[in-house]
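K.L.:
Take a look at this one; I'll ask things after.
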Amino acid sequence: MTKETERPEPKNPVEDFLRMDRIPHIWCSGCGIGVVVSSFTDALRKSSFDLNKLAIVSGIGCTGRVAGYIKLDSFHSTHGRPIPFATGLKLANPELKVVVFSGDGDIFGIGGNHFIHAARRNMDMVVICVNNFNYAMTGGQVAPTSPTDANLSTAPYGNFEHPFSLPYLADACGASYVARWTCLHIRRVTKSIQEALDKKGFSLIEVIAPCVTLYARRNRLGDGLNLLKYYYDNSVIQHGADTRTLDIGYQGKMIVGKFIDRERPTFLESMNTHMKKALGDKYVPYGEQP
Amino acid sequence: MTEIQFSGFGGQGIIRCGLITGKAASLYDNKYATMTQSFGPEARGSACSSQVVVSQDRVLYPYITKPELLVSISQDAYDKYEPELREDGILLIDTDLVKARPARGKIKMYGIPSTRLAEELGNRIFTNLVMLGFFTAISKVVTPEAMKKALPGLVPQRFLDINIRAFDQGYQYGLETLSKDQKKS
Amino acid sequence: MKKVKADPKGVLTGAHYLDGDFAIAEGALAAGCRFFAGYPITPSTETAERFAERIPFVGGIFIQMEDEIASITALIGAAWGGRKVMTVTSGPGFSLMMENIGLACMMETPLVIANVQRGGPSTGLPTLVGQGDMMQVRWGSHGDYQIIALSPDSPQECFDLTIRAFNLSEIYRVPVFIMADECVGHMHEKVVIPPADQIEVVERKWYDGPKDKYLPYKPDKDLVPFMVKAGDGYRFHTTGLTHDERGYPVINAECQDWNVRHLSDKITKNADKIIKYEEDQIDKADVVVISYGITSRVAYRAVQLARKAGIKVGTLRLITVWPFPEKRIAELAKKVKAFVVPELNLGQIVHEVERCSAGQAPAVLVSHCGGWVHDPEDILKAIKEAAK
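In structure tokens form, the structure reads like this:
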């Protein structure tokens, strides 16, 4: 008879929200994506949402793998397309809360047009964008978020383009809620996700995260800890900051915080209000919550 | 099988003419009718047209090849489409807007001041209905009852009565034209 | 397969004078489509306009997306949200949709796409007819997969086949294409819409077993897996990556073999149930004209003339183009002198006919680059040649 010397490890509090049969995950050690996933599961744990009514959609890339690990109705769509996928999902079943979890290249590079229009329509969804300043899954290519002067595999002599400021873009397009944090601000990320989940309309939460294997190595920025130190030294919390002032220079200062929190009718609210006005009783309202 | 072409300039309701005729023939006269039209920049230019093939049997080839009935409510349209008209065809024109050459071969030409008659009814937008009435009387391809039944949905409801009046006026003019024509011959 | 009567809310019962584009919209509404995402493109736009006009009185969504990529992707999302969904497009828009048509196939998502074909390549002939996308619809997305494509020859058939397209997409969990063309899309003819209780509509193959046992990609006896929708508590996963029965990515050759063969098998092994064609005077025919869409109507005129000239000519009109009726063509190839295949392209379906005929009877292409339909005389000439 064998001796029972092994003790079960205490259950990780995030286990209930993950597909544990898919762990270990594929992310490198020192990567920031897991931190954001932790904040997300933490926000779910603290919320009172019916988890059966929460769906998550990802695109392609390192962050694009998040949907695969989260134990919700989860969709791993194509590169750049999680937002239109989520648009269809939400409109087909309006009782769902839909979260798009994907990377900067996916949402703002190949999928940039969809972001613009979903924000313009105030489509009811939460977009969590992990911004690691490069295309990581394919080996560290230049992204629309790469800071000027940073070195990337397809900008081997340094990036000479000007990057997107994601909060500025979201603000200009009409998003209802816009925040930016870094991987260092885990409790604030959690809080922002909670707020965005409670918010109706289009929300963007940008989380700046280290890509240790590619971006940091290529630019000789050290390991994950060095990058967290950089965030610590250079991020300045400025809630409500003018979104025109949020550019990020190479290893420069980063203004973080909650910048936008406003009320606008969502796509479905606008549709129902307008159609009732235009068509009266003949209109069959769609997807209104009782 | 009868191939019909309506022609004029954009805004005269040329497409409507085709739709009304096709709908009348296929829904209320128990025939087959396929209606096609030109699309794109050419449809918005000076001469536009719609075509209807009416037949006792199912229409196979959808387009007109050599129309036997041509309706022209503008000079450009007449100039452009008249050469395509069959040698023994029938040509219907707006006498105020089209200066026609003497008819070719055995072509029979009939005229109506459709725009002027429509203006007398209150608005030149009824020109196409006056012309359709005229066309119905002369061509006998569709019945006037079917044509009138086809109007709801294809003309605005609030103008239905006046469109019917416009049609009747054109139809009457057509009957009179025919009887004069018979007396002559 | 659960068949029900159509929901009368969407059925515009009666005789109408409609163009093919409008008839597609009415077919979709009758079939229970309540979600339409699209982008304007000639000559398919009228379908979107009709749907946008009608849906507020039926209850559902019309959304004009920012492009065709967004449209097709929104459809996939909306199908997983539980709706019957469709879009329409034409050449350039169809090309933009290709990647996500692959995603729809991989996720085994029921949806319907109508392609009102115009002349291509590129911007080509926006307002004029073509049939140049017949191979693109079969092979346009990367990798191996199977789809279903139907080809209507009239506005009435646009209506009828749109309903069938929805039903097939639900039965096989696959994108189904209505390969119309500008001529059929823009021509007006009589369209009879039957009463709702005479329209048979197939419901989604919903799973109703225990929640923790649900496997989104476990094939049922008919090879088609059961489906659930987001929000019903299954907390399932689906991906465009090669995946196992659970929908989990498995990146190796074994899983790829299982996954890809499955996508193909569920269509090819059910092909007899999907394939429909219409034949006329084929038994004693020396020559058989094989055609589809508007070209079949033009070909019939040539066939009538050929018969008057004493030639024994039969016709086979493809109603289902994909999967291709290979058995039937192979059978006929043993009996006839030749096939004549008129197409508004430089030869697409003719290659399939050749493949199935396997050298037993030549397939004579009557090509036309589009912009107009064939001159029936050209087809007649080919029939006469072939009959010699």
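Sequences listed follow chains A, G and Y, in order. Sequence positions in the first sequence follow my numbering and run 57 to 346. Sequence positions in the second sequence follow my numbering and run -7 to 177. Sequence positions in the third sequence follow my numbering and run 9 to 396. The C-beta atom is built at its ideal place from N, Cα and C for all residues, glycine as well. This one's a predicted model, so the numbers in the text were calculated from it and none came from an experiment.
Determine the closest residue to Asn353 of chain Y out of Y:Gly40, Y:Phe70 and Y:Gly127, with distance taken between C-alpha atoms.
P.N.:
Nearest option by C-alpha distance: Y:Gly127.
K.L.:
List the residues of chain A whose Cβ lies closer than 7 angstroms to the Cβ of Tyr256 of chain Y, in chain order.
P.N.:
Those within 7 angstroms of Tyr256 of chain Y in chain A are Arg78.
K.L.:
Using a C-beta to C-beta distance shorter than 8 angstroms, which residues of chain Y count as neighbours of Asn108 of chain A?
P.N.:
The contacting residues are Gly239, Asp240, Gly241 and Arg243.
K.L.:
What does Phe65 of chain Y reach in chain A if we use C-beta pairs closer than 9 angstroms?
P.N.:
Residues of chain A passing the Cβ test: Leu335, Lys338, Tyr339 and Val340.
K.L.:
Residues of chain Y with a CB under 9 angstroms from the CB of Gly182 of chain G: which are they?
P.N.:
With chain G represented from -7 up to 177, any question about residue 182 of chain G goes unanswered, as that position is not in the structure.
K.L.:
So, with DSSP's three-state summary, where would you put Phe127 of chain G?
P.N.:
It is helical.
K.L.:
Helix, strand or coil, according to DSSP, for Ser232 of chain A in the structure here?
P.N.:
Coil, per DSSP.
K.L.:
Per DSSP, which one or two residues make a beta bridge with Arg325 of chain Y?
P.N.:
Paired residue(s): Y:Glu286 and Y:Ser299.
K.L.:
Nearest to Gly144 of chain A by alpha carbon, out of Y:Ile391, Y:Leu119, Y:Gly101 and Y:Pro51?
P.N.:
Checking every option, the nearest Cα to that of Gly144 of chain A belongs to Y:Leu119.
K.L.:
Starting from Asn215 of chain A, find everything on chain Y with Cβ-Cβ shorter than 9 angstroms and list it in chain order.
P.N.:
Simply none; closest approach about 27 angstroms.
K.L.:
Nearest CA to the CA of Asp227 of chain A: which residue from A:Phe171, A:Tyr213 and A:Arg101?
P.N.:
Among A:Phe171, A:Tyr213 and A:Arg101, the Cα nearest to that of Asp227 of chain A belongs to A:Phe171.
K.L.:
Within 8 angstroms of any Cβ in chain Y, is that where the Cβ of Arg137 of chain A sits?
P.N.:
Closer than 8 angstroms to some Cβ of chain Y, the Cβ of Arg137 of chain A qualifies, so yes.
K.L.:
If you count every other CB in all the chains shown that lies within 10 Å of the CB of Gln178 of chain G, and 16 or more means buried, which is it?
P.N.:
The requested residue 178 of chain G is not part of the displayed model; chain G covers only -7 to 177.
K.L.:
Nearest to Met142 of chain Y by CA position, among Y:Ala369, Y:Leu373, Y:Leu388 and Y:Gln356, is which residue?
P.N.:
Of Y:Ala369, Y:Leu373, Y:Leu388 and Y:Gln356, the residue nearest in Cα terms is Y:Gln356.
K.L.:
Could you tell me whether the Cβ atoms of Gly88 of chain A and Pro203 of chain A are closer together than 8 angstroms?
P.N.:
In this structure, Pro203 of chain A does not lie closer than 8 angstroms to Gly88 of chain A by Cβ.
K.L.:
What residues from chain Y crowd round Ala142 of chain A, counting only those whose CB sits closer than 8 angstroms?
P.N.:
By Cβ distance, chain Y contributes Gly85.
K.L.:
Below 8 angstroms on the Cβ atoms is my guess for Leu284 of chain A versus Leu277 of chain A; work out the distance and round it to an integer in Å.
P.N.:
Contact doesn't hold; Cβ gap of about 11 angstroms is too wide.
K.L.:
List, in chain order, every chain D residue whose beta-carbon is nearer than 7 angstroms to that of Gly68 of chain Y.
P.N.:
Note that chain D does not occur in the displayed structure, where the protein chains are A, G and Y.
K.L.:
Applying a beta-carbon distance threshold of less than 8 angstroms, which residues of chain A neighbour Gly89 of chain Y?
P.N.:
Here the neighbours are Gly144, Leu145, Lys146, Leu147, Ala148, Asn149 and Leu152.
K.L.:
So which residues of chain Y does Leu128 of chain A contact, with C-beta pairs closer than 8 angstroms?
P.N.:
Result: Arg243.
K.L.:
Please name the residues in the region 308 to 339 of chain Y whose beta-carbon is closer than 7 angstroms to at least one beta-carbon of chain G, in chain order.
P.N.:
Result list: Tyr308 and Arg309.
K.L.:
Are the CB atoms of Ala371 of chain Y and Phe332 of chain Y nearer to each other than 8 angstroms?
P.N.:
For Ala371 of chain Y and Phe332 of chain Y, no; Cβs fall outside 8 angstroms.
K.L.:
Measure the Cβ-Cβ separation of Gly301 of chain Y and Met187 of chain Y and say whether it is below 8 angstroms.
P.N.:
Cβ distance < 8 angstroms, so Gly301 of chain Y and Met187 of chain Y count as in contact.
K.L.:
How many Å lie between Arg254 of chain Y and Pro233 of chain Y at the Cα?
P.N.:
Spanning the two alpha carbons is a distance of roughly 11 angstroms.
K.L.:
Considering only their Cβ atoms, is the gap separating Val137 of chain Y from Ser98 of chain Y smaller than 8 angstroms?
P.N.:
Against a cut-off of 8 angstroms, the Cβ pair of Val137 of chain Y and Ser98 of chain Y comes out as no contact.
K.L.:
Could you tell me whether any Cβ in chain G is nearer than 8 angstroms to the Cβ of Arg146 of chain Y?
P.N.:
No, because no Cβ of chain G sits closer than 8 angstroms to the Cβ of Arg146 of chain Y.
K.L.:
For Ala192 of chain A, I'd like the list of residues in its chain whose CB is within less than 6 angstroms of its CB, leaving aside the five on either flank, ordered along the chain.
P.N.:
These residues qualify, in order along the chain: Cys118, Cys267 and Leu270.
K.L.:
Does the beta carbon of Ile248 of chain Y come closer than 8 angstroms to any beta carbon on chain A?
P.N.:
Here residue 248 of chain Y turns out to be Gly, not Ile, going by the sequence shown. Taking Cβ atoms only, chain A reaches closer than 8 angstroms to Gly248 of chain Y, which makes this a yes.
K.L.:
Do the region 164 to 172 of chain G and the region 285 to 302 of chain A touch if we need at least three Cβ pairs shorter than 8 angstroms?
P.N.:
Output reads no: the region 285 to 302 of chain A does not touch the region 164 to 172 of chain G.
K.L.:
Taking the beta strand (DSSP E) that Cys89 of chain G falls in, what are its first and last residues?
P.N.:
Note on residue identity: the sequence assigns Leu, not Cys, to residue 89 of chain G. It is not in any beta strand (DSSP E) - Leu89 of chain G carries neither H nor E in the DSSP assignment.
K.L.:
Three or more beta-carbon pairs under 8 angstroms between the region 320 to 337 of chain Y and the region 148 to 164 of chain Y, yes or no?
P.N.:
The region 320 to 337 of chain Y, when compared against the region 148 to 164 of chain Y, does touch it at the 8 angstroms Cβ threshold.
K.L.:
Between which two residues does the beta strand (DSSP E) holding Gln149 of chain G run?
P.N.:
That residue, Gln149 of chain G, is in no beta strand (DSSP E); it is neither H nor E in DSSP.
K.L.:
Residues of the region 71 to 82 of chain Y with a CB closer than 7 angstroms to any CB of chain A: list them in chain order, please.
P.N.:
Residues passing the 7 angstroms Cβ filter: Ile71, Met73, Glu74, Asp75, Ile77, Ala78, Thr81 and Ala82.
K.L.:
Taking a contact to mean a Cβ-Cβ separation below 8 angstroms, would you say Val182 of chain A touches Arg236 of chain A in this structure?
P.N.:
No, these two residues do not count as a Cβ contact at 8 angstroms.
K.L.:
Starting from Thr247 of chain Y, trace the beta strand (DSSP E) in both directions and tell me its first and last residue.
P.N.:
First-last of the beta strand (DSSP E) with Thr247 of chain Y: His245 to Thr247.
K.L.:
Can you give me the Cβ contacts of Lys392 of chain Y inside the same chain, cut-off strictly under 8 angstroms, excluding the 5 residues immediately before and after it?
P.N.:
Result list for Lys392 of chain Y: Ala314, Ala317 and Ile319, in chain order.
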